[in-house]
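Below: the structure, in structure tokens.
Protein chains in written order, with this note's numbering: chain A, 269 to 515; chain B, 41 to 237; chain C, 411 to 507.
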């Protein structure tokens with residue numbers, strides 16, 4: 269029996285290891301597309317980011333912000349809306365690596381689920397701002413409320429990011445094989461993300477100061493961390509996939 | 041993880057090189073917060089007065105006690121690490137226990153301080169000083185709570201002699217370093233909020 | 411082998427830290443030198459004392475004293491930069507207020 273079984277098992281292993289991650293690079297290209305859409309839509313076409321002094325601005329200022337360049341805001345938010353779901357392949361790939369290759373099924377699933385939860389927040393942010401831009405001539409108070417709601421959705425994505433970062437962090441630290449799938453600094457980077465997610469949760473309390481949604485700890489540090497996390501995770505997943513294909 | 045203990049060099053990186061990314065990332069965030077505090081303090085003559093009055097109204101003895109408590113717990117963690125290295129696990133667990141008790145004492149005193157302020161009607165949105173006071177010390181308090189959880193994990197895993205990724209020498213050293221970082225940040229927060237008045 | 415500090419050294423460092431803390435706290439109570447407080451000298455002294463304590467904790471408790479040069483250098487650079495910026499803000503503004 270042993271003589272028959274062994275080669276079959278081995279070939280099965282070869283098949284799973286080789287074909288599971290075939291074309292996995294497309295997940296990374298897709299993430300790059302999502303980052304491109306975000307930068308093009310939110311930073312260039314519709315300059316929603318960064319929000320200079322908007323947390324303490326009057327309703328009329330916010331309304332005027334939506335009235336000037338109204339069409340470009342609509343187009344930019346459209347691009348953002350289109351690009352948002354293209355990060356799902358990255359979360360799926362990280363989830364699959366954690367689930368199968370690192371053999372931690374629950375952590376992988378929770379990571380994927382919280383990633384999807386976070387995308388919902390980002391999408392609702394686009395919807396809020398899109399609604400605010402839809403009728404710019406309406407009462408300024410309503411426009412301001414929609415704008416603020418969009419910012420709360422945008423920054424409270426921290427709740428999902430926190431859980432996701434915790435999952436990746438635990439998975440990386442539990443992987444103590446000779447050649448780990450993810451480098452350990454990726455785990456520490458995620459731990460740092462967890463630390464940065466705390467101040468971002470306080471944006472609903474403050475209108476001014478570093479914790480408001482246009483402040484240093486409410487906007488700049490969390491978003492620098494988030495966007496650099498996209499880059500860092502793309503690089504780490506790229507190397508992990510390369511490693512897993514060879515193994 | 042094996043390479044951490046067998047590294048037979050004179051100049052040795054504590055924990056592991058990757059770990060310092062977290063520490064320096066955290067330190068950078070806090071130094072940005074310190075500088076933001078200072079800049080807001082000197083924004084105008086009015087804010088300067090508000091900050092002076094705020095620092096006067098804080099409970100100085102509790103702040104000083106908290107500093108001494110955190111220093112003691114740091115000392116206990118250092119002793120625990122040296123007991124761990126000499127293989128004396130029982131005394132190590134006892135030292136970590138002292139550190140955990142000190143950490144819990146810190147949390148309790150901080151809660152006493154917060155309730156005292158809230159009973160006086162001073163909350164987060166009171167003025168510019170208390171806005172920063174509550175948020176900065178709150179974020180630091182979250183660090184302390186995370187640190188207590190990590191120390192408890194280490195003590196428990198050493199007690200039941202469970203061997204996995206969270207009971208390696210590297211992890212224990214990392215938790216110790218994290219605890220020292222919390223202590224180090226509190227020293228600066230204490231000077232900024234309580235002493236500069 | 412890991413070169414560990416002796417427990418005596420840890421105790422000395424701890425004692426010095428406690429003494430500096432108590433000293434810094436008592437400095438604020440002393441009203442003998444009102445000139446200090448006026449020009450922000452006291453504030454600079456307090457920040458520098460905190461920086462000294464931070465360096466002591468980093469060097470002895472975090473065991474950076476026998477770490478490679480890049481790590482020690484980064485830590486000392488962080489402490490020095492933060493302290494210099496804080497003291498600089500105090501020094502720049504204390505003439506005005």
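Ideal placement from N, C-alpha and C gives every residue a C-beta, glycine not left out. From a predicted model like this one, the values you see are computed outputs, not experimental measurements.
- In the DSSP annotation of this structure, residue 52/B is not part of any alpha helix (DSSP H), being labelled neither H nor E.
- Interface residue (Cβ-Cβ distance to chain B less than 9 Å): residue 367/A is not classified as such.
- A distance of 9 Å or more separates the beta carbons of residue 394/A and residue 429/A.
- Under the Cβ distance rule, residue 443/A counts among the residues neighbouring chain B, one pair being separated by less than 9 Å.
- Using beta-carbon distances, residue 497/A does not count as an interface residue toward chain B, since no partner is under 9 Å.
- Just so you know, the alpha carbons of residue 474/C and residue 61/B end up roughly 15 Å apart.
- Here the C-alpha atom of residue 469/C lies approximately 25 Å from the C-alpha atom of residue 141/B.
- Of the candidates 396/A, 453/A, 433/A, 389/A, 433/A places its Cα closest to the Cα of residue 462/A.
- By the 16-neighbour rule on beta-carbons within 10 angstroms, residue 502/C is exposed.
- Within the same chain, and ignoring the five residues on either side of residue 123/B in sequence, the residues whose Cβ sits closer than 7 Å to its Cβ are 131, 132, 135.
- Residue state for residue 289/A is assigned as coil, using DSSP reduced to three classes.
- Residue 435/C and residue 104/B have their C-alpha atoms some 7 Å from each other.
- The three-state secondary structure of residue 326/A, taken from DSSP, is coil.
- Residue range 209 to 230 is occupied by the alpha helix (DSSP H) that includes residue 224/B.
- Contact check for residue 222/B against residue 187/B passes: the beta carbons are separated by less than 9 Å.
- In the structure shown, residue 58/B falls within a coil segment according to DSSP collapsed to helix, strand and coil.
- Within the same chain, and ignoring the five residues on either side of residue 355/A in sequence, the residues whose Cβ sits closer than 7 Å to its Cβ are 299, 302, 387.
- A distance of 9 Å or more separates the beta carbons of residue 389/A and residue 413/A.
- Under the DSSP assignment, residue 182/B falls in the alpha helix (DSSP H) whose first and last residues are 168 to 199.
- Only those residues of the stretch 139 to 173 of chain B whose C-beta falls short of 9 Å from the nearest C-beta of chain A are listed: 164, 165, 168, 171, 172.
- Annotation note: the stretch 83 to 135 of chain B contains the following uninterrupted alpha helix (DSSP H) runs of length 4 or greater, listed N- to C-terminal: 85 to 97, 100 to 125.
- Residue contact with chain A for residue 224/B: absent (no Cβ-Cβ distance below 9 Å to any residue of chain A).
- For residue 106/B, the number of other beta carbons within 10 angstroms of its own is at least 16, and it is reported as buried.
- In this structure, residue 337/A lies away from residue 360/A, with their beta-carbon atoms at least 9 Å apart.
- The three-state secondary structure of residue 446/A, taken from DSSP, is coil.
- Rounded to whole angstroms, residue 236/B and residue 459/A show a C-alpha spacing of 32 Å.
- In the structure shown, residue 164/B adopts coil according to DSSP, grouped into three states.
- Burial check for residue 160/B: the Cβ neighbour count within 10 Å stays below 16, so the residue is exposed.
- DSSP places residue 479/C in the uninterrupted alpha helix (DSSP H) bounded by 479 to 503.
- Residue 227/B sits close to residue 463/C, with the two beta carbons spaced by under 9 Å.
- Going by DSSP, residue 364/A is part of the alpha helix (DSSP H) stretching over 356 to 364.
- By the beta-carbon neighbour count (other beta carbons within 10 angstroms, threshold 16), residue 93/B is exposed.
- Listed by position along chain B, the residues whose Cβ is nearer than 9 Å to that of residue 484/A are 72, 73, 76.
- By the Cβ neighbour-count rule, residue 294/A is exposed, with fewer than 16 other Cβ atoms within 10 Å of its own.
- None of the residues of the stretch 404 to 434 of chain A has a beta carbon lying less than 8 Å from any beta carbon of chain B.
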